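**Q** Right, I'll just put the structure down here and ask away after.
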Amino acid sequence: MENAAPTHDWGHRTAELLEAVRARAPLVHCITNTVVQNVTANVLLALGASAAMVDVATEAGPFARVADALLVNTGTPHAEPRVAALEAVPAARDAGTPWVLDPVAVGSLPVRTALARDLLAMHPTVLRGNASEVLALLGASAGGRGVDSTAGTEDARAAAIAAVTSSDPGPVPGQDGRLVDAVAVSGPVDLLVAPATGVVRVANGTELLTRITGGGCALGAVVAAFTAVSPDDAGAAAVAATAVHTIAAELAAQEAGGPGSFQPLFLDRLASLTPEQVVRTARITVESAAVPA
Amino acid sequence: MENAAPTHDWGHRTAELLEAVRARAPLVHCITNTVVQNVTANVLLALGASAAMVDVATEAGPFARVADALLVNTGTPHAEPRVAALEAVPAARDAGTPWVLDPVAVGSLPVRTALARDLLAMHPTVLRGNASEVLALLGASAGGRGVDSTAGTEDARAAAIAAVTSSDPGPVPGQDGRLVDAVAVSGPVDLLVAPATGVVRVANGTELLTRITGGGCALGAVVAAFTAVSPDDAGAAAVAATAVHTIAAELAAQEAGGPGSFQPLFLDRLASLTPEQVVRTARITVESAAVPA
Amino acid sequence: MENAAPTHDWGHRTAELLEAVRARAPLVHCITNTVVQNVTANVLLALGASAAMVDVATEAGPFARVADALLVNTGTPHAEPRVAALEAVPAARDAGTPWVLDPVAVGSLPVRTALARDLLAMHPTVLRGNASEVLALLGASAGGRGVDSTAGTEDARAAAIAAVTSSDPGPVPGQDGRLVDAVAVSGPVDLLVAPATGVVRVANGTELLTRITGGGCALGAVVAAFTAVSPDDAGAAAVAATAVHTIAAELAAQEAGGPGSFQPLFLDRLASLTPEQVVRTARITVESAAVPA
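Residue numbers (the numbering used here), protein chains in the order written: chain A, 1 to 293; chain B, 1001 to 1293; chain C, 2001 to 2293.
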């Protein structure tokens, strides 16, 4: 619990972690779906991180060792990126590279669901998804029909808490025997859960993030970038990444004429976001500084 | 012919179908080329529909059953999406999911041409392409050199009429024994042909749609979204989708400084398009309310 | 050396070649990574060229014969585009289609590095990359960690000069026994090297090109488009393409609010760039009109 911050400090902590991302420019290895590869790379670059989409076998493993963080997103689970993911994650774990699992549309779709379950057993640093995806992957529901969530973020609260306090280490033990180090449930109000963070909510954002493709998928990459500068506190990385992403989106929405003009403005605001804007705009609340028993 | 609308009603009918798309938010299953996956998803989201790019085998079939419409675009016909397409289309037909075939660059390129012919034999709800593609697929020419059309839309008029009145049911009979229910030929003036619609032309649009990639491919997805709310009249879906797409493009072009700024403006105009704008701006003419014999 | 232009003429020559691209609208066959396919196509269309991403086997070879130029980019070297590339390049060479090799992130990543070496042995018309990539491919270093360059363009000067004056014809002889006809090293100041051009530097551009994905990859496609209108002088194509690309970027940066708004503005400026703007803005210097011995 030594890393837990009191409520009023999350704005400052987010700003500090943003500055750390920009100072270090972490190289984020992305194995992600072909629909959002471009926007994901652009979001990482606008943030001040670096991106590389290395998604073929024999390259993905070695690259996960030298990258600063890894994202695996199951959106278009073709055979080659599946093999790449199953090669990259063990390499990342072995090398101490933090990694994020984004189980896009898991539930009834068999290929990605099997893949995401195999990956979950390797203990992601952060599990990020919408409520339907998180619930389906954690075994608490059958999932939504497609990429949109039919469940609310609060519906996933209990499953998320259980995942970060699990006593079942699985085939390869996670840190301290947990299934995952942190869970990030995206929605109108984002829910972040981790042992050292407690249950935190981020109320920033805009409905326009749901009117473009990649709004959530790119957040998975942003979370990965933040884990690189917060190696001992995945929950803080998840909170700060979510706040930065949704604050930039919120500021962009104020100027946007629709979902089209929102996208370039979002990248502009992400690139220009100042620590002062973060502190002033963040709407982060802490339900409890520790995960409820 | 009971669904045929008199000329002056197409603007209102288009506006009504647009409202229906926004009310229902149909989930459009897209198996499309990797170049335009992102813009296709963004166009569907801006329109008010939902999009999912499920293009791997064993997922594509079940998903086509629960989706509200299916698009198959042959632009980058890799092995996995080919198998996915050949799994999705029979499932869509079996479940009554309307589906659109967009035969990108068929003609001399052997992989996509064979695929598109196999798919055509499964009787698309709507066949959408430029004139060269439509002519090549319907056996009336050898096709263009690449993705651009070398034929004019009027060149495809006879072949399109034949396709919607065909008496050859193929291996799996289409509705009423037709090869396809409707044909949408894209060009400076779009040509729409269907039994209940007749021969209709939409004169909206902008040359900028040809200066960006995906201008036509995304229209295929928009047509699919409209078929979901016009299940018994594929021709009306094709007319309304074409009008909405090209009107939004026309309005965007009035503000655009070039092909780059046109793209976000196009999404903005698609999202904000009002029924009044549709009625006021539509330039839809009916050559005949029935397909000529 | 008969094609070498004096220093003060490069602005005019660039403008002339830009006009030639627009007049001919060359069809550029792209086998490129999935991250940048969309932006690459849009850059080519904004430039006035045509684009087709034909990256499956049995299609790529025949298409390379009819295309006006070919680009092979190794960014996401999946099995199907690898086979397509190895089919397209011999066809291009046989048909006289100029082709550009963009060895994205070669060095320590084994799949793309082996592919790029196989392709290099087929004598690209132009080799384009950042300094780390060019050095790694030409055997002069182990390459960078990812897609960003850790070496400066001047570090690649000697290796580039050696590549265009090589006496080793490899398994398939290049033009006049050279390894490549021209080398384009991208960076803050671009370095272009070719026998008939000498050593040329283009100092246009903007740091924003490094804050978006595809800034360099799209340049590879632009170079390919220019080789189509400069068949006997690959060096001139590389200089003119680099100047047009970086001038458009520089003009866009003057209006951009960040990396997001930069992208549509870049396409707008590329589409609207006048010969006068080229001549007025180009900062092209010639170190020597012939390659140093």
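Each residue gets a CB set at the ideal place from its N, CA and C atoms; glycine is no exception.
Keep in mind that this is a model prediction, so the values were computed, not measured.
Return the CA-CA distance between His1029 (chain B) and Ala1069 (chain B), expressed in angstroms with no decimal places.
**A** As a first step, residue 1029 (chain B) must be located in the second sequence, where it is residue number 29. As a first step, residue 1069 (chain B) must be located in the second sequence, where it is residue number 69. When rounded, the distance between both Cα atoms is 6 Å.
**Q** Against chain B, with Cβ distances strictly below 9 Å, would Asn38 (chain A) count as a contact?
**A** In the first sequence, residue 38 (chain A) corresponds to position 38, counting from 1. It does; some Cβ of chain B falls within 9 Å.
**Q** Any contact between the stretch 95-115 of chain A and the stretch 65-80 of chain A? By contact I mean 3 or more CB pairs, one from each, below 8 Å.
**A** Because the criterion of three Cβ pairs below 8 Å is met, the stretch 95-115 of chain A and the stretch 65-80 of chain A touch.
**Q** Taking 9 Å as the CB-CB cut-off, is Ser2261 (chain C) touching chain A?
**A** Here residue 2261 (chain C) refers to the residue found at position 261 of the third sequence. Taking Cβ atoms only, chain A reaches closer than 9 Å to Ser2261 (chain C), which makes this a yes.
**Q** Using a threshold of 9 Å, state whether the C-beta atoms of Thr210 (chain A) and Leu251 (chain A) are closer than that.
**A** In the first sequence, residue 210 (chain A) corresponds to position 210, counting from 1. In the first sequence, residue 251 (chain A) corresponds to position 251, counting from 1. Not a contact, by the Cβ cut-off of 9 Å.
**Q** Considering His2245 (chain C), what are the terminal residues of the beta strand (DSSP E) in which it resides?
**A** By one-based count along the third sequence, residue 2245 (chain C) stands at place 245. No beta strand (DSSP E) contains His2245 (chain C), which is instead part of the alpha helix (DSSP H) from Ala2234 to Glu2255.
**Q** Between the Cα of Ser1186 (chain B) and the Cα atoms of B:His1245, B:Gly1061, B:Val1066 and B:Gly1258, which residue gives the shortest distance?
**A** On the second sequence, position 186 is the one that residue 1186 (chain B) refers to. Measuring from the Cα of Ser1186 (chain B), the nearest candidate turns out to be B:His1245.
**Q** Against chain A, with Cβ distances strictly below 9 Å, would Asn2130 (chain C) count as a contact?
**A** The residue you call residue 2130 (chain C) lines up with position 130 of the third sequence. False, the Cβ-Cβ gap to chain A never drops below 9 Å.
**Q** Chain B partners of Ala2249 (chain C), CB-CB under 7 Å?
**A** As a position in the third sequence, residue 2249 (chain C) is number 249, starting the count at 1. Under the 7 Å cutoff, chain B gives no residues; its nearest Cβ is about 12 Å from Ala2249 (chain C).
**Q** Per DSSP, what kind of secondary structure is Arg1178 (chain B) in: helix, strand or coil?
**A** On the second sequence, residue 1178 (chain B) is found 178 positions in, with the first residue counted as 1. If DSSP states are grouped into helix, strand and coil, Arg1178 (chain B) belongs with coil.
**Q** Expressed to the nearest angstrom, what Euclidean distance is found between the alpha-carbon atoms of Pro124 (chain A) and Thr2058 (chain C)?
**A** Walking along the first sequence from the start, residue 124 (chain A) turns up at place 124. Walking along the third sequence from the start, residue 2058 (chain C) turns up at place 58. Approximately 41 Å between the Cα atoms of the pair.
**Q** Could you compute how far the alpha carbon of Glu1019 (chain B) sits from the alpha carbon of Phe1226 (chain B)?
**A** On the second sequence, position 19 is the one that residue 1019 (chain B) refers to. On the second sequence, position 226 is the one that residue 1226 (chain B) refers to. Computed Cα separation, rounded: 10 Å.
**Q** Please report the distance separating the alpha-carbon of Glu2287 (chain C) from that of Val83 (chain A).
**A** Position 287 of the third sequence, counted from the start, is the residue given in the question as residue 2287 (chain C). Position 83 of the first sequence, counted from the start, is the residue given in the question as residue 83 (chain A). The straight-line gap from Cα to Cα measures roughly 48 Å.
**Q** Rank A:Val291, A:Ala159 and A:Ala248 by C-alpha distance to the C-alpha of Glu276 (chain A) and give the top, closest one.
**A** The residue you call residue 276 (chain A) lines up with position 276 of the first sequence. When only C-alpha atoms are compared, the closest one is A:Ala248.
**Q** Going by the CB atoms, is the gap between Arg2128 (chain C) and Gly2216 (chain C) shorter than 9 Å?
**A** For the purposes of this step, residue 2216 (chain C) is taken as the residue at position 216 of the third sequence. For the purposes of this step, residue 2128 (chain C) is taken as the residue at position 128 of the third sequence. The answer is yes: Cβ separation under 9 Å.
**Q** Short check: CB of Leu2192 (chain C) to CB of Ala2159 (chain C), under 9 Å?
**A** Taking the first residue of the third sequence as 1, we reach residue 2192 (chain C) at position 192. Taking the first residue of the third sequence as 1, we reach residue 2159 (chain C) at position 159. It is not a contact, given that the beta carbons lie outside the stated cut-off.
**Q** Which residues does DSSP list as the beta-bridge partners of Cys1030 (chain B)?
**A** By one-based count along the second sequence, residue 1030 (chain B) stands at place 30. For Cys1030 (chain B), which the question treats as bridged, DSSP gives the partners B:Leu1071.
**Q** Going along chain A in order, which residues have a C-beta closer than 7 Å to the C-beta of Ala2105 (chain C)?
**A** Here residue 2105 (chain C) is taken as the residue at index 105 of the third sequence, counted from 1. Result: Ala52.
**Q** Expressed to the nearest angstrom, what Euclidean distance is found between the alpha-carbon atoms of Val39 (chain A) and Phe2266 (chain C)?
**A** Translated into the one-based positions of the first sequence, residue 39 (chain A) becomes position 39. Translated into the one-based positions of the third sequence, residue 2266 (chain C) becomes position 266. Between Val39 (chain A) and Phe2266 (chain C), the C-alpha separation is close to 17 Å.
**Q** Could you tell me if Val1274 (chain B) is buried or exposed, where buried requires 16 or more neighbouring beta carbons within 10 angstroms of its beta carbon?
**A** The count along the second sequence starts at 1 and reaches residue 1274 (chain B) at position 274. Before going on, a small fix: residue 1274 (chain B) reads as Thr here, not Val. When all chains shown are included, Thr1274 (chain B) counts as exposed.
**Q** Residues of chain B with CB under 8 Å from Leu109 (chain A), in chain order?
**A** Taking the first sequence and counting its residues from 1, one reaches residue 109 (chain A) at position 109. Under the 8 Å cutoff, chain B gives Val1054, Glu1059, Pro1062 and Phe1063.
**Q** Does any CB atom of chain A fall closer than 9 Å to the CB of Pro2173 (chain C)?
**A** As a working mapping, residue 2173 (chain C) is identified with position 173 in the third sequence. With a pLDDT of 48 at Pro2173 (chain C), under the threshold of 50, the predicted position of this residue should be treated as unreliable, and no value is reported.
**Q** Should Thr294 (chain A) be labelled buried (16 or more other beta-carbon atoms within 10 Å of its own) or exposed?
**A** Given that chain A is displayed from residue 1 to residue 293, the structure contains no residue 294 (chain A) and the question cannot be resolved.
**Q** How would you label Glu255 (chain A), buried or exposed, when you count the other beta carbons within 10 angstroms and need 16 or more for buried?
**A** The residue you call residue 255 (chain A) lines up with position 255 of the first sequence. Burial call: exposed.
**Q** Thinking C-alpha only, which one of A:Val164, A:Ala60 and A:Gly96 is nearest Arg178 (chain A)?
**A** If you number the first sequence from 1, residue 178 (chain A) lands on position 178. The shortest C-alpha separation from Arg178 (chain A) is found at A:Val164.
**Q** Between Pro1173 (chain B) and the rest of its own chain, which residues show a CB-CB distance below 8 Å, the 5 nearest in sequence each way excluded?
**A** Within the second sequence, the letter at position 173 stands for residue 1173 (chain B). Because the pLDDT at Pro1173 (chain B) is just 48, under 50, the model does not fix this residue reliably, and the point stays unresolved.
**Q** What do you get for Gly258 (chain A), buried or exposed, if any count of 16 or more other CB atoms within 10 angstroms of its CB means buried?
**A** Numbered from its first residue, the first sequence carries residue 258 (chain A) at position 258. With 16 or more other Cβ atoms within 10 Å, it is buried.
**Q** Beta carbons nearer than 7 Å to chain A: which residues of the stretch 1066-1098 of chain B have them?
**A** So the close ones are Val1066 and Glu1080.
**Q** Please work out which residues of its chain come closer than 8 Å, Cβ to Cβ, to Glu2080 (chain C), disregarding the five sequence neighbours upstream and downstream, and give them in chain order.
**A** Against the third sequence, residue 2080 (chain C) aligns to sequence position 80. Contacts found: Asp2055, Val2056 and Ala2057.
**Q** Using the beta-carbon count (16 or more within 10 Å), is Pro1090 (chain B) buried or exposed?
**A** As a working note, residue 1090 (chain B) is residue 90 in the second sequence. Exposed, by the Cβ-count rule.
**Q** Note down the Cα distance separating Leu2208 (chain C) from Glu1087 (chain B), rounded to an integer number of angstroms.
**A** Start at 1 with the first residue of the third sequence, and residue 2208 (chain C) comes out as number 208. Start at 1 with the first residue of the second sequence, and residue 1087 (chain B) comes out as number 87. Each residue's Cα considered, the two are about 44 Å apart.
**Q** Residues in its own chain within less than 7 Å of Ala1046 (chain B) by CB, not counting five upstream and five downstream?
**A** The count along the second sequence starts at 1 and reaches residue 1046 (chain B) at position 46. Counting only Cβ-Cβ distances below 7 Å, and skipping sequence neighbours, we find Leu1267, Leu1270 and Ala1271.
**Q** Which residues of chain B have a Cβ atom closer than 8 Å to the Cβ of Thr2034 (chain C), listed in chain order?
**A** Taking the third sequence and counting its residues from 1, the one referred to as residue 2034 (chain C) is at position 34. Simply Thr1034.
**Q** Would you tell me roughly how many angstroms separate the C-alpha atoms of Ser2132 (chain C) and Leu2109 (chain C), rounded to the nearest one?
**A** On the third sequence, residue 2132 (chain C) is found 132 positions in, with the first residue counted as 1. On the third sequence, residue 2109 (chain C) is found 109 positions in, with the first residue counted as 1. Approximately 13 Å between the Cα atoms of the pair.
**Q** Ignore the nearest five residues each way along the sequence and tell me which others in Val2036 (chain C)'s own chain have a CB closer than 8 Å to its CB.
**A** Taking the first residue of the third sequence as 1, we reach residue 2036 (chain C) at position 36. Contacts found: Asn2073, Gly2075, Thr2213, Gly2214, Cys2217 and Ala2218.
**Q** Taking Cβ-Cβ distances shorter than 9 Å, what residues in chain C pair up with Ile1212 (chain B)?
**A** Locating residue 1212 (chain B) in the second sequence gives position 212, counting from the first residue. Those within 9 Å of Ile1212 (chain B) in chain C are Ala2041, Asn2042, Leu2045, Ala2046 and Leu2267.
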